[in-house]
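Structure first, then comments.
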Amino acid sequence: DGGITQSPKYLFRKEGQNVTLSCEQNLNHDAMYWYRQDPGQGLRLIYYSQIVNDFQKGDIAEGYSVSREKKESFPLTVTSAQKNPTAFYLCASSAKNEQYFGPGTRLTVT
Amino acid sequence: AQKVTQAQTEISVVEKEDVTLDCVYETRDTTYYLFWYKQPPSGELVFLIRRNSFDEQNEISGRYSWNFQKSTSSFNFTITASQVVDSAVYFCALSFPGSSNTGKLIFGQGTTLQVKP
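The listed protein sequences correspond, in order, to chains A and B.
FYI, in this note's numbering the residues of the first sequence are 10 to 119.
FYI, in this note's numbering the residues of the second sequence are 1105 to 1221.
Shown next as structure tokens:
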């Protein structure tokens, strides 16, 4: 089936550790996005990539890094510099001005 | 400024009632897209509808309908004869087409709808 997969669904880390969230799509979409969702809030854009080997910062990029080595994959690394990393992270890809979302990863840092 | 406002934080209705979720947007662009997404408890965002700024025709899809009014910058969503399975968080969002735009979505805060049996 075509779609977007994110793994794992739940992730727990100790403060000070970097952690990488996976996002894979087989929709053949050029553009991919990472959003962060905090309780009671809408989604905020972290990073996006419109083509392989190119990506741009979104509204809240500080403390995060990404790579786009393959069209299908857009992993997000939450670094120890991110002050409040506990959140729900959603990956999306798009074509023709419609974005499709993965199931999300809930990250808890203690 | 480009912004989406969903003033209703939470709505609670009893099954079979009709319910309208409000969405007001701000933009100076003349070309844009408006979206509604549903987020059930599982967390995944489910695409419901996209409407472009040049098409003000209202749309109906089963129990769902959307009322787009450029004069009031609103894109409201009505669920008719609500069901328990409609319980979710609903997001309204805005984006802009064109090569100079990123395609990113600007989201409202979301409205949590609870439908009680």
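We put the CB at the ideal spot given by N, CA and C, even for glycine.
Residue from the options with nearest C-alpha to residue i
i, options, result
"D39 of chain A", "A:G25, A:S76, A:G72, A:V61", "A:V61"
"A1197 of chain B", "B:F1139, B:Q1173, B:S1177", "B:F1139"
"Q59 of chain A", "A:Y98, A:Q15, A:G72, A:W43", "A:W43"
"Q108 of chain A", "A:Q65, A:M41, A:T114", "A:M41"
"F110 of chain A", "B:V1117, B:G1147, B:I1164", "B:G1147"
Spatial distance of residue i from residue j (CA atoms)
i, j, result
"Y1137 of chain B", "Y57 of chain A", "18 Å"
"V1123 of chain B", "S1186 of chain B", "7 Å"
"G25 of chain A", "R45 of chain A", "19 Å"
"N35 of chain A", "A101 of chain A", "12 Å"
"R1093 of chain B", "P84 of chain A", "What is shown of chain B runs 1105 to 1221, which leaves residue 1093 of chain B out entirely."
"V1188 of chain B", "D63 of chain A", "43 Å"
"N93 of chain A", "V118 of chain A", "8 Å"
"R77 of chain A", "T1184 of chain B", "43 Å"
"E1119 of chain B", "P17 of chain A", "35 Å"
"P1145 of chain B", "K23 of chain A", "26 Å"
"T114 of chain A", "Q1218 of chain B", "24 Å"
"R31 of chain A", "K1107 of chain B", "The sequence as given places Ser at residue 31 of chain A; Arg does not occur at that position. The alpha-carbon atoms of S31 of chain A and K1107 of chain B are separated by roughly 29 Å."
"E1121 of chain B", "F1179 of chain B", "20 Å"
"G12 of chain A", "D1190 of chain B", "23 Å"
"A191 of chain A", "I1164 of chain B", "Outside the shown range of chain A (10 to 119) lies residue 191 of chain A, about which nothing can therefore be said."
"Q65 of chain A", "K1220 of chain B", "43 Å"
"T1135 of chain B", "V1117 of chain B", "35 Å"
6 Å Cβ shell around residue i - same chain, five flanking residues per side excluded
i, result
"I69 of chain A", "R53, I55"
"P112 of chain A", "Q15"
"F1181 of chain B", "L1125, W1140, W1170"
"V28 of chain A", "R22, V87"
"L1209 of chain B", "A1197, S1199"
Neighbourhood of residue i by C-beta, 7 Å cutoff - its chain only, sequence neighbours within 5 removed
i, result
"A1105 of chain B", "E1130"
"D1133 of chain B", "F1200"
"S1177 of chain B", "V1128, Y1129, E1130"
Sequence-distant residues of the same chain with beta carbon closer than 8 Å to residue i, five excluded per side
i, result
"F1213 of chain B", "According to the sequence as given, residue 1213 of chain B is Gln; it is not Phe. T1109, Q1110, T1113."
"N1143 of chain B", "According to the sequence shown, residue 1143 of chain B is Gln rather than Asn. Contacts found: L1149, V1150, A1192, V1193, Y1194, F1195, G1214."
"K1174 of chain B", "S1157, E1160"
"N1162 of chain B", "S1169, W1170, N1171, F1172"
CB contact flag (residue i, residue j, <9 Å)
i, j, result
"N37 of chain A", "K80 of chain A", "yes"
"E33 of chain A", "S74 of chain A", "no"
"T1216 of chain B", "I1153 of chain B", "no"
Nearest-angstrom Cβ-Cβ length linking residue i and residue j, presumed shorter than 8 Å
i, j, result
"G67 of chain A", "T88 of chain A", "Contact flag wrong, Cβ pair sits at about 16 Å."
"D47 of chain A", "A96 of chain A", "5 Å"
"L116 of chain A", "L20 of chain A", "5 Å"
"G51 of chain A", "F1211 of chain B", "3 Å"
"G1207 of chain B", "N106 of chain A", "7 Å"
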